[in-house]
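Q:
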Amino acid sequence: MTSQPSTPETAKVWFITGTSTGLGRALAHEVIAAGERLVATARDTSTLGDLVSAAPDRVRAVPLDVTDPAAVDDAVATALKDFGRIDVLVNNAGYAMRGAVEELSDVELRHQFDTNVFGAMDVTRKVLPTMRAQRSGCIVQMSSVGGVMATLGGTAYAGTKFALEGLSEGLALEVAHLGIHVVIVEPGPFRTDFGGRSVRFADPIDDYRSVLDPAKKQFLAMHGTQPGDPARAAHAIITATRMEKPPLRLPLGANAVDRIRERLQLRLDEVDATEPLGRPTDFA
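For our numbering, add 15 to where a residue sits in the sequence shown, where the first one is 1.
1) In chain order, what residues of the same chain lie with their CB nearer than 7 Å to the CB of threonine 261, ignoring the 5 residues before and after it?
2) Pick out whichever of Ala55, Ala246, Gly114 and Ala43 has its Cα sitting closest to the Cα of alanine 173.
3) Would phenylalanine 298 be called buried (16 or more neighbouring beta carbons within 10 Å of its own) or exposed?
4) So, under 8 Å CB-CB, leucine 53 and alanine 43 are touching, yes? Tell me the CB distance rounded to an integer number of Å.
5) Should the stretch 238 to 251 be regarded as contacting the stretch 171 to 186, the criterion being three or more beta carbon pairs within less than 8 Å?
6) Can you tell me whether glutamine 156 is helix, strand or coil according to DSSP?
7) In three-state DSSP terms, what is threonine 56?
8) Just to confirm the assignment: which complete beta strand (DSSP E) runs, minimum length 3, are found wholly within the stretch 145 to 232?
9) Looking at the structure shown, is valine 301 part of a helix, part of a strand, or coil, going by DSSP?
10) So, lysine 231 versus glycine 293, is the Cβ gap smaller than 8 Å?
11) Have a look at the DSSP bridge pairing and note the partners of alanine 111.
12) Looking at the strands, I want to know which residues DSSP matches up with leucine 104.
13) Quick check on DSSP: helix, strand or coil for glycine 243?
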């Protein structure tokens, strides 16, 4: 599935973090196939050779560790030097740190937030001046079903995605009058390496094994059999960015749509159930 190709006159400049694997990689391929221009970033650009060779005149491979502010500055400067603008930013770089809250070390928890939240927001803040000057742009934040609901073993990851969603929802309100859109993408399980190299596990504590070991087993068993097709996800993301009014949130995959709808209904039920307790707390 390939998106409608752009012409050289209409081609947009995409800046995508974390394109070495996973959904970022699939999106990079789809962007190239759609005739767009691409700044593909990764910590190790040696993994991006096939992207550059696919369209050498339209693709740049740029090294970027989103937790390094100087590297973020350099990557954005390179994009502007080579292409003169940035039309679509995709904050995709990230990973999952799994384990109970108590099992996570301070270093593990902070690094999870440094990458998934502060890294994404640093790139966003560095690209915004260009988009403001253009009076146009689209910022795609790669969240997750985990940005709507936490799961056993995925607490830290969900915490980062909840934070990213809140920041992005507020950002959308701030920049709408400047012609800048924000799209929060909420994928379910997609057939990528997310269950492999993109996940890390904390050292276990015995008291949590009875609930976390089955969750871990189920998580690992899904690797390689996830229902989501990365190429179709990439097509959906490109389509959303091309809409006159892009959606604020874009759940991807039947799993995501069903689980998010179920979670929202549970939340509404909880609001109804607690209303008699909570509503009377205003001043009389």
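In this text, a Cβ means the ideal position worked out from N, Cα and C, and glycines have one as well.
A: Straight from the coordinates:
1) As written in the sequence, residue 261 is proline, which differs from the threonine given in the question. Within its own chain, the residues whose Cβ lies closer than 7 Å to the Cβ of proline 261, once the five positions on either side in sequence are excluded, are Cys153, His196, Val198 and Ala255, listed in chain order.
2) Across the set Ala55, Ala246, Gly114 and Ala43, the C-alpha of Gly114 shows the shortest separation from the C-alpha of alanine 173.
3) It is exposed - the Cβ of phenylalanine 298 has fewer than 16 other Cβ atoms within 10 Å.
4) About 6 Å separates the two Cβ atoms, so the contact holds.
5) With a cut-off of 8 Å on Cβ pairs, the stretch 238 to 251 is not in contact with the stretch 171 to 186, counting fewer than three such pairs.
6) Three-state result, glutamine 156: strand.
7) Correct three-state label for threonine 56: strand.
8) You should have 152 to 157, 195 to 202 and 214 to 216.
9) The requested residue 301 does not occur in the structure, where the chain is confined to residues 16 to 299.
10) The answer is no: Cβ separation not under 8 Å.
11) In DSSP, alanine 111 forms a bridge with Val214.
12) Its beta-bridge partners are Phe30 and Ile154.
13) The answer is strand: DSSP assigns glycine 243 an E or B state.
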